[in-house]
Ligand code: HEM
């Protein structure tokens, strides 16, 4: 507003300053001020450039994610996937609605149980030790490239029985599929068909073992048409690809955020070194504080109203879980990282029927990684000039977070 335009025009200009763009690298570096303005001044936000609505308050995000009849995942739950109108394969539960979602999630949760995940603790610890032991005395290591990237891939690879020699190329393939280029207007997202695993699955079918892959190959279920059958090869490919994609990137970023948050809060880090029993709650707070996957999109299946504003059927709604986790209506002093906080339920693993299937494994990996780091490296500083941001559409975090361990 120009001089003398009056308070109303000023308020207009101010409102125009409320802006959130998920593809903007500057906003991505610190989205919290923008998200606070959304929560306070535009609790239903509309972004004209990319044509999406967004909800940012804890209660709105939670209620929306619970309402799968209105907010649908079947066209993808990533903004640019919905916009690109991708052909999504059956079995990719992240991008399915009931009844298909119910059937496939039922099968996956039967073979991929919290009990099986928790039984992986010794393996996870071994993978952390393998990453960290050679770095003791080196004076530096990288939270992401040395630990956060290889450990989750080895863990999921072990669970599925994928040979380590194949794991790296699989991870590279997933990274490639998620990488962002341009400003978000020229995205060409791809969903891998998982063909990189095909050979391995055929081999496992001929050589059954006691791994999860063998279970996927032999498990019987009733499909949407009421027929009892085993999974097709392509359904298994989709499942394996989903577990690898959903389970790696996110956990990798979580471990990167741990390196940053604890470097910035040395007193709390010292408490964790002195009393590792505090680590599980520290992981929970970390999950709240820096959600590795901060935004989930849905297709709006009926006309709705939020905060007095209409949202038409056919719109795209983005649920900002990262903003909900910092909602002062829910958490006192939400921008403070506090390992003693009573975190309660946060939104980082989503909510409702799509709630993260791997949450128990993610928590285990986060806890064990911190235990193993802190045992070897009680203090560190981030080597900021060499740190590199990850530029992917779905996750937010570090591609490289080198630290100096003195
Ligand atoms: C779904 C977050 C680790 C497997 C989800 C969703 C979120 C999420 C937010 C729901 C997305 C939506 O509603 O659109 C995370 C975070 C993790 C993590 C932040 C790590 C810190 C893992 C791991 C695995 C996994 C380790 C498995 C190895 C899945 C699967 C789904 C899912 C299969 C789909 C569930 C469904 O659509 O019904 N995750 N996840 N996740 N996650 Fe995770």
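In the numbering used here, the protein residues as written are 2 to 407.
Positions of the beta carbon are idealized from the N, C-alpha and C atoms, including for glycine.
Coarse secondary structure for residue i, derived from DSSP in three states
| i | result |
| --- | --- |
| residue 128 | helix |
| residue 151 | helix |
| residue 48 | strand |
| residue 112 | helix |
| residue 287 | helix |
| residue 96 | helix |
| residue 401 | strand |
| residue 406 | coil |
| residue 87 | coil |
| residue 215 | helix |
| residue 278 | helix |
| residue 1 | The structure shown does not extend to residue 1, since the chain spans only 2 to 407, so no value can be given for it. |
| residue 335 | coil |
| residue 308 | coil |
| residue 104 | helix |
| residue 225 | coil |
| residue 231 | strand |
| residue 270 | helix |
Cβ-heavy atom distance, residue i to the ligand HEM, below 7 Å
| i | result |
| --- | --- |
| residue 297 | yes |
| residue 94 | yes |
| residue 281 | no |
| residue 237 | no |
| residue 251 | yes |
| residue 355 | yes |
| residue 350 | yes |
Inter-residue Cα distance where the pair is residue i and residue j
| i | j | result |
| --- | --- | --- |
| residue 259 | residue 371 | 8 Å |
| residue 405 | residue 138 | 11 Å |
| residue 266 | residue 91 | 45 Å |
| residue 217 | residue 205 | 11 Å |
| residue 95 | residue 161 | 19 Å |
| residue 392 | residue 248 | 18 Å |
| residue 319 | residue 23 | 10 Å |
| residue 136 | residue 274 | 19 Å |
| residue 54 | residue 292 | 20 Å |
| residue 20 | residue 35 | 7 Å |
| residue 50 | residue 71 | 24 Å |
| residue 385 | residue 398 | 14 Å |
| residue 57 | residue 251 | 20 Å |
| residue 322 | residue 207 | 43 Å |
| residue 315 | residue 303 | 7 Å |
Cross-strand partners of residue i (DSSP beta bridge)
| i | result |
| --- | --- |
| residue 322 | Note: residue 322 sits in no beta bridge, so no partner. |
| residue 73 | 300 |
| residue 141 | 405 |
| residue 55 | 46 and 319 |
| residue 395 | DSSP lists no partner for residue 395. |
| residue 383 | 404 |
8 Å Cβ cutoff, residue i in contact with chain C
| i | result |
| --- | --- |
| residue 236 | Absent from the structure: chain C. Only one protein chain is present. |
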